[in-house]
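Have a look at the structure below, then the notes.
Below is the structure:
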């Protein structure tokens, strides 16, 4: 820049930015409207251009329900989300899109929103982001409610997330793969959650709602409440009960090929939006864990830092992830690896425990800090699976009676316990020949070979650990490991590890639970 | 209508072809994906004009007697 230009700019008085009103997360998100400086459109990086309406209404305080309000709340969400992803590492839109992402705020009647890379005039598909409106009858009040999908920052940030992922990983657009399509939807929802958390008022509200544990159900975990409400009036089973999709869910990964093609939202299916909830759920758990890594009693600044770091992890991971039918696992592994490279493994515990709990990584990865230090996450996963498939070593029967339990030794290393041997009390009947029961119903289950009782015992222990039911006590080296982190997530453990000879441990039950 | 060539022995419209032809799937993942698209109504035969609400893919003839699903857009629900 020349000195002349600089001098001219220096003389110019700083333009006072007008104030507009906008939703923070969603019109039905529970948080009040917020007064914000009018965003600069189309912005500097990842430009966004509202082309319909063609002319921007004057930026000023406008009443909820007016077209002017909808324009500026959408514009604010577009810039908030674009700024976040630009800082995370997205440099430009997909080359077909060009320098500015075109946006149509109301392209007709539909309860939906779309991202398209290019125009297809014959099919009336328009490049960029398209939002719509529709009127539904509220089944509770009988009143008609008109919903504009572009009025929801959640919906805007979800669609913009598609555009971001399309520039980071273009191949996902065209490949016919269940997990690739589902991950695209998950990325959109993650974009909505991360975009919401860029507002200090949202961060503060969520910290209060969740007592600092962002893994809990909150106004941020619930994505697109209003659009979900509208769809629910017509198809009650098509969406979650409190939103379009709630990231605070309990869905675990299973092989999509074993899932039905479609079904109600209460069930896991292989439809992309439905299946996406597995990864989004793991993401929310990981994000909540990252926040708690930064501070036991997190502040708004800690949440902001965690979201910025998560954005960088995601942007790096999706680029590095190998495109396969197991894309969820591939991204999860790359996120853990990216943490090692970008942040020195600061979030390894939070990330790995979240992905293990969701079956996106094998439980053996709980030994991740040490393992990842010497190899890749995929190598760690492979080692863990190999260890799991090799089974345990049955050493001795405690008694000959069929009514008394036998003590069986299994490989504790593959459980991430930081010791070699774990003794488990088992039923005296040897079930060899029966198909192994494993908690890892998905990829790990397929990798488990051999029909041995130790496999079943291993799966039983694995399930306890993943569900955080094992109290570590002061027994084992595992107190320093990630298994201990899992045990902290549950208030009431059902088992504990008692010391045994030669540095081993024994699994003992503390209590039964009703649910 | 131009005469059909040997490389493209398609006499009917693309939409009719898409109805008759079997999906071309190289893997179980792809086959399951195509099945899901069709069952959930997210894919429609190409050449039918404006895409219905919620539809994200078109079924396009691949020139080998099969159809493939081509993504046109992403949706939020």
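Residue numbers (the numbering used here), protein chains in the order written: chain A, 3 to 517; chain B, 291 to 367. By construction, the Cβ of each residue, glycine as well, lies at the ideal position given by its N, Cα and C atoms.
With respect to chain A, the C-beta atom of residue 352 of chain B has no partner C-beta closer than 7 Å. Annotation for residue 73 of chain A: 59 place their beta carbon closer than 6 Å to its own, counting only its chain and skipping 5 residues before and after. Listed along chain B, no residue sits closer than 9 Å to residue 511 of chain A by beta-carbon distance, the nearest being about 40 Å off. Using a Cβ-Cβ cut-off of 7 Å, residue 333 of chain B does not count as an interface residue toward chain A, since no Cβ of chain A sits closer than that to its own. Bounds of the alpha helix (DSSP H) holding residue 186 of chain A are 180-198. The beta carbon of residue 53 of chain A does not come within 7 Å of any beta carbon belonging to chain B, so the residue lies off that interface. Beta bridge pairing from DSSP links residue 130 of chain A with A/118.
Comparing alpha carbon positions, the residue from A/502, A/275, A/415 closest to residue 464 of chain A is A/415. Look at residue 135 of chain A: its C-beta is not under 7 Å from any C-beta on chain B. Looking at the DSSP output, residue 81 of chain A sits in no beta bridge, so it has no partner there. With a cutoff of 7 Å on beta-carbon distance, residue 109 of chain A and residue 150 of chain A are scored as not near each other. Annotation: residue 325 of chain A has no Cβ neighbours in chain B at a cutoff of 8 Å; minimum Cβ distance is about 11 Å. Along the segment 331-356 of chain A, there is no position whose C-beta sits under 8 Å from a C-beta of chain B. For residue 359 of chain A, no beta strand (DSSP E) run applies; the uninterrupted alpha helix (DSSP H) run containing it begins and ends at 350-359, by DSSP. Nearest in C-alpha terms to residue 267 of chain A, of all of A/255, A/281, A/237, A/286, is A/237. In the DSSP assignment, residue 102 of chain A falls within the unbroken beta strand (DSSP E) covering 102-106. Chain order gives no chain A residues near residue 355 of chain B, where near means a beta carbon separation below 9 Å; the closest approach is about 18 Å. Shown here, residue 158 of chain A sits in a helix according to DSSP, grouped into three states. Here DSSP, grouped into helix, strand and coil, assigns residue 504 of chain A to helix. Among the residues facing chain B, residue 116 of chain A is included, as its CB has a counterpart in that chain under 7 Å away. Counted as a single uninterrupted DSSP element, the stretch harbouring residue 329 of chain B is not any beta strand (DSSP E) but the alpha helix (DSSP H) occupying residues 318-329.
The Cβ atoms of residue 419 of chain A and residue 309 of chain A do not sit closer than 7 Å to each other. Look at the segment 232-245 of chain A: the residues with a C-beta under 9 Å from a C-beta of chain B are 233, 240, 241.
At least one beta carbon of chain B lies nearer than 7 Å to the beta carbon of residue 160 of chain A. Residues of the segment 318-345 of chain B whose Cβ lies closer than 7 Å to any Cβ of chain A, in chain order: 318, 319, 320, 322, 323, 324, 325, 326, 329, 330, 339, 340, 341, 343, 344.
For residue 408 of chain A, the enclosing beta strand (DSSP E) covers residues 408-413.
The three-state reading of DSSP puts residue 472 of chain A in strand, counting E and B together. Residue 365 of chain B carries a strand assignment under DSSP once its states are collapsed to helix, strand and coil. Straight through space, the alpha carbons of residue 250 of chain A and residue 274 of chain A are spaced by roughly 18 Å.
Scanning chain B for C-beta atoms nearer than 7 Å to the C-beta of residue 124 of chain A yields 339, reported in chain order.
For residue 272 of chain A, the neighbours in chain B by C-beta distance under 7 Å run, in chain order, 322, 326. For the set A/334, A/170, A/208, the Cα lying nearest the Cα of residue 293 of chain A is the one of A/208.
A Cβ-Cβ contact shorter than 7 Å links residue 31 of chain A with residue 221 of chain A.
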